[in-house]
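Sequential numbering from 198 applies to the sequence shown in the working numbering.
Where a beta carbon is used, it is the ideal one built from N, C-alpha and C, also for glycine.
Read the structure below first, then the notes.
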Amino acid sequence: MQGDMILRGGRVIDPANGVDAARDLCITAGRLAAEPAPTARVVDVSGLVVCPGFIDLHVHLREPGQTHKEDIATGTRAAAAGGFTAVVAMPNTAPPVDCPEIVAQVYGLAREKAVVRVLQSGALTLGRAGKELSDAAALAQAGAVALTDDGTCIQTAGLMLEAVRRAAAVGLPVIDHCEDESVARHGAMNAGAVAQRLGVSGQPGLAEDLIVCRNILICRETGWPIHIQHISTAFSIALVRAARREGLPITAEASPHHICLTEACCASHGANAKMNPPLRTEADRRAVIAGLADGTIGVIASDHAPHTAVEKAVGLERAPAGIVGLEALVSLCLTELVHGGVLTLPAFVATLTAGPRAVLRLAHGTLSVGAPADVTVLNVNAEHVLHPAEFRSRSTNCPYEGRVCRGRVEGTLVDGEWAFSRLPGIAGRVG
Ligand SMILES: [Zn+2]
Numbered sequence: 198m199q200g201d202m203i204l205r206g207g208r209v210i211d212p213a214n215g216v217d218a219a220r221d222l223c224i225t226a227g228r229l230a231a232e233p234a235p236t237a238r239v240v241d242v243s244g245l246v247v248c249p250g251f252i253d254l255h256v257h258l259r260e261p262g263q264t265h266k267e268d269i270a271t272g273t274r275a276a277a278a279g280g281f282t283a284v285v286a287m288p289n290t291a292p293p294v295d296c297p298e299i300v301a302q303v304y305g306l307a308r309e310k311a312v313v314r315v316l317q318s319g320a321l322t323l324g325r326a327g328k329e330l331s332d333a334a335a336l337a338q339a340g341a342v343a344l345t346d347d348g349t350c351i352q353t354a355g356l357m358l359e360a361v362r363r364a365a366a367v368g369l370p371v372i373d374h375c376e377d378e379s380v381a382r383h384g385a386m387n388a389g390a391v392a393q394r395l396g397v398s399g400q401p402g403l404a405e406d407l408i409v410c411r412n413i414l415i416c417r418e419t420g421w422p423i424h425i426q427h428i429s430t431a432f433s434i435a436l437v438r439a440a441r442r443e444g445l446p447i448t449a450e451a452s453p454h455h456i457c458l459t460e461a462c463c464a465s466h467g468a469n470a471k472m473n474p475p476l477r478t479e480a481d482r483r484a485v486i487a488g489l490a491d492g493t494i495g496v497i498a499s500d501h502a503p504h505t506a507v508e509k510a511v512g513l514e515r516a517p518a519g520i521v522g523l524e525a526l527v528s529l530c531l532t533e534l535v536h537g538g539v540l541t542l543p544a545f546v547a548t549l550t551a552g553p554r555a556v557l558r559l560a561h562g563t564l565s566v567g568a569p570a571d572v573t574v575l576n577v578n579a580e581h582v583l584h585p586a587e588f589r590s591r592s593t594n595c596p597y598e599g600r601v602c603r604g605r606v607e608g609t610l611v612d613g614e615w616a617f618s619r620l621p622g623i624a625g626r627v628g
């Protein structure tokens, strides 16, 4: 079989199985095997790290309807180059993914042109309008992996409570963008001294803290897991830490930009540093890092949010929120967290494998024998400079040009085939 191979000489890290050892990894007929097939090709990965394929819980593929920003072909190519073998697509497309027909449409498009696995989430409310609940059972049946109104969130506690109860009834996890709109008031960046100096509208961390607090209370009431997206404030992290100590099934993710950047970046990079929740203070950034270090935050997710240069050119106040992240996340976080001494390499790998696997109760994210051969190969020491113009994504909106990083993705296998490779002599579907 074409894909039979042995990845030889690498350091294999598989957090879900407690593995961190020098060993070979055998792939036969697209699956992980205990023994090599007789015809297996030997691939030398000595000096490299071999991990379960990374899973990104938070990606905007922009299809259907916004393919001038990104589509499933370009977005999944960016994912493969960024080390991801599975991405969870957010439902804030045009139209939004709020019914089974659109879930099916996305899966049809993914079968045609995706180079990594696409897992589609469904909207909690019709039109993501926060007024009327979507048909959770129908979305689950169509294959939605979670429910979220990402980009916004349900504003009233009563409707959120009912949404979580319905999600529980059909067995779908709830993931939530936490923002009280009456407090955030569409502020373009974090409220505070930098916003004042720039003369730009601000939104306080209170907007996030209120909804995180509400969600913890709804989680306690229902017992159903709620995953907090892109957590960004010190107080929200303290709330999640306390809730988890109490044993509540609350989980949280951090985005690379909240790990690496602060509101000061808005002054230097304008709209390319605009996202929601906004970049916060240095104290908040340190709290995100502390949350990762003690396991309060178990997932790193890109919140890959492509927008065109034209859309971003209208200035910080009016530009759409969000930056691309799929092709920068691993390099940025290896540099900041692993080389920065915050996380061990296995703990970092867990935030992209065992962590997201647990949140969505996925079958993916391990190197267990018999599992599909989704594998990510890293060089944790390669020094390089980020150039967004080289990204495979259709959009380049981010403040990372010229950033020096240590560590990068060398190859990505999906079902035992190279979706991306920079390994010598191996061609990936994405160059
Ligand atoms: Zn969001």
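Beta-bridge partners of Thr548 (DSSP): none assigned. Within the region 432 to 487, the runs of beta strand (DSSP E) at least 3 residues long that lie entirely inside it are, in chain order, 447 to 451.
A distance filter of 7 Å between CB atoms and the heavy atoms of ligand 1 selects the following residues in sequence order: Asp347, Gly348, His374, Gln426, His427, Asn473 and Asp500. Residue nearest to Thr264 within the set Thr550, Pro503 and Cys602 is Pro503 (criterion: CA-CA distance). Exclusion of the five residues before and after Phe588 leaves Ala275, Val521 and Glu524 as the residues of its chain whose Cβ lies within less than 7 Å of its Cβ.
A Cβ-Cβ contact shorter than 9 Å links Arg591 with Lys266. Scanning Ala365, Cys248 and Asp612 for the CA closest to the CA of Cys416 turns up Ala365.
Going by DSSP, Met357 is part of the alpha helix (DSSP H) stretching over Ala354 to Val367.
Counting every other CB atom within 10 Å of its CB across the protein chains shown gives Ala231 a total below 16, marking it as exposed. For Gln317, the enclosing beta strand (DSSP E) begins and ends at Arg314 to Gln317. Residue pairing by DSSP puts Cys223 in a beta bridge opposite Ile203 and Ala230.
Per DSSP, reduced to three states, the secondary structure at Leu414 is helical. In this structure the region 335 to 342 lies against the region 311 to 319, because at least three pairs of beta carbons, one per stretch, are closer than 8 Å.
Here DSSP, grouped into helix, strand and coil, assigns Ile269 to helix. By the Cβ neighbour-count rule, Thr353 is exposed, with fewer than 16 other Cβ atoms within 10 Å of its own.
Straight through space, the alpha carbons of Ser465 and Arg259 are spaced by roughly 27 Å. Taking a contact to require three or more Cβ pairs closer than 8 Å, the region 232 to 251 and the region 457 to 473 do not qualify as touching.
Annotation: Gly444 to Leu559 spans about 21 Å, alpha carbon to alpha carbon. For Ala431, the CB contacts under 7 Å within the same chain, skipping 5 residues up- and downstream, are Ala480, Asp481 and Ala484 in chain order.
Of the residues assessed, His383 falls on the exposed side of the cut-off, its CB having fewer than 16 other CB atoms within 10 angstroms. If you draw a straight line from the Cα of Asp211 to the Cα of Asp377, it comes to about 38 Å.
For Asp241, the secondary structure class from DSSP, reduced to helix, strand or coil, is strand. Per DSSP, the beta bridge partners of Arg208 are Ala219 and Val246. In the three-state DSSP reduction, Gln263 falls in the coil class, being neither helix nor strand. Residue pairing by DSSP puts Thr609 in a beta bridge opposite Thr573 and Phe617. In this structure, DSSP gives Ala213 a helical state, which the three-state scheme calls helix.
The secondary-structure analysis by DSSP pairs Glu580 across a beta bridge with Arg603. By the criterion of at least three beta-carbon pairs nearer than 8 Å, the region 387 to 404 is not in contact with the region 365 to 374.
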